Structures are given as C-alpha cells and as structure tokens.
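Comments concern the structure below.
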Amino acid sequence: YVLAPEALTAEFRKVHQFNVFSVHTPTQHALARYLREPSHYEQLPAFFQAKRDRFAQGMQGSRFKLLPCQGSYFQTADYSAISQEDDIAFAKRMAVDHGVAAIPLSPFYKDPPPGMRLLRFCFAKQDATLDAATEKLCAI
Numbered sequence: 031y032v033l034a035p036e037a038l039t040a041e042f043r044k045v046h047q048f049n050v051f052s053v054h055t056p057t058q059h060a061l062a063r064y065l066r067e068p069s070h071y072e073q074l075p076a077f078f079q080a081k082r083d084r085f086a087q088g089m090q091g092s093r094f095k096l097l098p099c100q101g102s103y104f105q106t107a108d109y110s111a112i113s114q115e116d117d118i119a120f121a122k123r124m125a126v127d128h129g130v131a132a133i134p135l136s137p138f139y140k141d142p143p144p145g146m147r148l149l150r151f152c153f154a155k156q157d158a159t160l161d162a163a164t165e166k167l168c169a170i
C-alpha cells in the first residue's frame with residue numbers, strides 16, 4: 031500500500047499497472063526450476079479451459095460479445111452494444127456501479143484504434159467469483 035499526495039499516487043498507479051504483470055529475475059529463476067517437473071503444470075490447460083468455459087457460459091445472456099480466447103486467462107469482450115464510452119471510463123463505471131473489475135485495452139496501445147470498445151476480464155478466479163461476476167454482467 032502507498033499513502034501519498036494524489037499527484038504522486040497517480041504516477042505510482044501508472045507504473046504499477048504494468049509492473050504487476052512482469053517478474054523480477056530471482057522469481058524467473060525459481061519459476062524455471064519449478065517448471066522442470068511437468069506434474070506441476072500439466073493440468074493447467076484443462077484447469078484454465080474449464081474456467082474460461084464457465085465464464086463464457088455465464089456470459090451467454092449478456093450483451094457483451096466475447097472474442098475468441100485461447101492460451102490466456104483473460105477473456106476479451108466487446109461492449110459496443112452496451113455503451114459508447116471509452117474503455118477506461120466504462121471500466122471505471124462497471125467497477126463503481128456494478129462491482130465488477132475489467133481491464134481496459136487502450137493503455138496497451140500507443141494510439142488506440144478509434145471507436146475500440148473492448149475490455150479484458152480475468153477468469154483465473156474461484157468459481158463463486160466468476161458466477162457472481164457473470165450474473166452482474168448479464169444484468170448490464
């Protein structure tokens with residue numbers, strides 16, 4: 031946690047957004063050692079596919095259009111049938127108004143495509159969390 035003036039925390043949040051998805055060298059070495067034993071990870075594809083499928087099944091009644099998803103624990107969804115807000119504004123509103131967190135894609139672009147209405151949802155969650163989230167998303 032960081033406690034600082036708003037101007038400093040704004041800058042910290044910009045950096046933190048990208049650092050949480052990168053790994054420092056000692057952890058990379060530990061992970062390489064862990065991966066030497068296939069039993070540690072052989073079940074992961076089926077585990078995450080079941081999570082993805084559960085999320086997709088739960089979203090069938092929603093107005094979000096799910097894009098094809100393979101090899102990731104993020105599901106990208108088109109929300110253009112719901113709102114014309116930019117992805118950052120829509121993601122913030124979903125978190126505040128509906129209690130569901132989504133990741134806007136525009137920060138990953140130098141120049142985001144005009145009119146892009148895409149968000150990412152992480153489905154690496156407990157089943158109860160996925161079920162609660164899809165119920166809320168279907169109500170939007």
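Position in the sequence shown counted from 1, then plus 30, gives you our numbering. Positions of the beta carbon are idealized from the N, C-alpha and C atoms, including for glycine. Quick caveat, the model's predicted, so the values are computed rather than measured.
Residue environment for Lys-81: buried (at least 16 other C-beta atoms within 10 angstroms of its C-beta). For Tyr-103, the CB contacts under 8 Å within the same chain, skipping 5 residues up- and downstream, are Phe-78, Lys-81, Arg-82, Cys-152, Phe-153, Ala-154 in chain order. Under the rule that a run must span 3 or more residues, the beta strand (DSSP E) segments found entirely inside the segment 70-142 read 104-108. If you ignore the 5 residues before and after Phe-85, its C-beta comes within less than 6 Å of the C-beta of Gln-105, Phe-153, Leu-160, all in its own chain and listed in chain order.
The C-alpha of Ser-113 is placed about 8 Å away from the C-alpha of Phe-120.
Under the three-state reduction of DSSP, Leu-148 is assigned to strand. Under the DSSP assignment, Leu-167 falls in the alpha helix (DSSP H) whose first and last residues are 157-168. For the pair Lys-166 and Val-126, the CB atoms are not nearer than the 7 Å cut-off. Assignment of Arg-66 by DSSP, reduced to helix, strand and coil, places it in the coil class. Judged by DSSP secondary structure, Leu-38 falls within the alpha helix (DSSP H) whose first and last residues are 36-49.
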